[in-house]
Amino acid sequence: MAERMPPRRLKLVLILTVLGASSLALLAWTQVWVHAEVGLPDAGTQVLQVDGAIAAPALTALALAGFALAGALTIAGRLIRVVLGGLEVLLGFSVFLAGYLAVEDPSQASAAAVTAATGIAGHESIQLSVLGTVVTPWPFVAMGAAVIMSATGVIVIVTSARWPGPTRKYQAVRFEPVADPDGSVPALPVTGVASTEPAPADSVGDWDDLSRGEDPTAR
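Residues 5 to 223 (the working numbering) are what the sequence shown spells out, left to right.
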């Protein structure tokens, strides 16, 4: 499908895809990823809502890097586009890894929230204090956005040669003398030659002369 798409449209679609996938990853980062039931020191329990900022703190930086990369793609040359496509693949892999680690070990992903609520620290202690966890769909949404990011990076690398390069448009300006109604062109004044015509009267200068007691008509 990308091969049949016009170059300018292909460039636009890929840049918008990078922006959309980065926005989706950033949205997932703001949502709750894990519901963790924690045993408190006084023998009670508490359910903690662990959002993406705690479960995957690096996700916001990765998503913002995707926005910056999309902006760079709009002006990049062919070689730089290949480099940016490779970076987009790495960004997608990193986002996927952040989501996968949260799904694989939700207790460890909730460690910062558990420590803040109970004061318990250490991997083993936290594992013992977490009685149960429920993973929400948002880590999987982040992983889906990561797949889109990596796939888009690959397409950018493969199709970079077809992209239109950055262009600069200049508007030439040429000054021409304005013709008289009869079609004749008036002669341009010659610079460097003193004019013999008297200077136009200056009312402000006349008032200054009068204030000094001089006759302005005598000039």
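Ideal Cβ positions, reconstructed from N, Cα and C, are used throughout, including at glycine.
Thinking C-alpha only, which one of the options is nearest residue i?
| i | options | result |
| --- | --- | --- |
| A125 | I84, V86, L44, G81 | L44 |
| S164 | A40, A25, A80 | A80 |
| L66 | S114, V51, L135, W33 | W33 |
| T140 | V36, G89, S129 | V36 |
| V54 | A62, R82, A40 | A40 |
| Q131 | G90, L68, L88, Q112 | Q112 |
| A74 | D109, E128, L91 | L91 |
| W167 | A72, T78, L105 | T78 |
| A57 | T122, V99, G136 | V99 |
| L95 | S114, S129, A62 | A62 |
| S27 | L16, A69, D46 | A69 |
| V158 | V87, V93, L30 | V93 |
| L30 | L105, L14, P143 | P143 |
| L105 | V162, V38, R85 | V38 |
| P110 | T122, Q50, G123, V134 | V134 |
| V138 | L20, D46, L52, G24 | L52 |
| L18 | S129, A60, F71 | F71 |
| G136 | Q50, M153, L20 | Q50 |
Who are residue i's beta bridge partners in DSSP?
| i | result |
| --- | --- |
| G136 | E41 |
Around the Cβ of residue i, are there at least 16 other Cβ atoms within 10 angstroms (buried) or fewer (exposed)?
| i | result |
| --- | --- |
| G48 | exposed |
| P10 | exposed |
| T156 | buried |
| G103 | buried |
| V42 | buried |
| L83 | exposed |
| R12 | exposed |
| V22 | buried |
| V160 | buried |
| G89 | buried |
| L14 | buried |
If we define contact as Cβ-Cβ less than 7 Å, is residue i a contact residue for chain D?
| i | result |
| --- | --- |
| I19 | Within the model displayed, chain D is absent; a lone protein chain is all it includes. |
For residue i, verify whether its CB is less than 6 Å away from any heavy atom of the ligand SAM.
| i | result |
| --- | --- |
| P168 | As far as ligands go, the structure on display features none, and thus does not contain the ligand SAM. |
Completely contained beta strand (DSSP E) runs for the segment 13-75, where each covers 3 or more residues: Correct list: 36-43, 49-55.
contact_flag[the segment 146-155, the segment 112-119] where n(CB pairs < 8 Å) is 3 or more: The segment 146-155, when compared against the segment 112-119, does not touch it at the 8 Å Cβ threshold.
Complete runs of the beta strand (DSSP E) confined to the segment 99-163 [at least 3 residues]: For the segment 99-163, whole beta strand (DSSP E) runs of length 3 or above, ordered along the chain, are 134-139.
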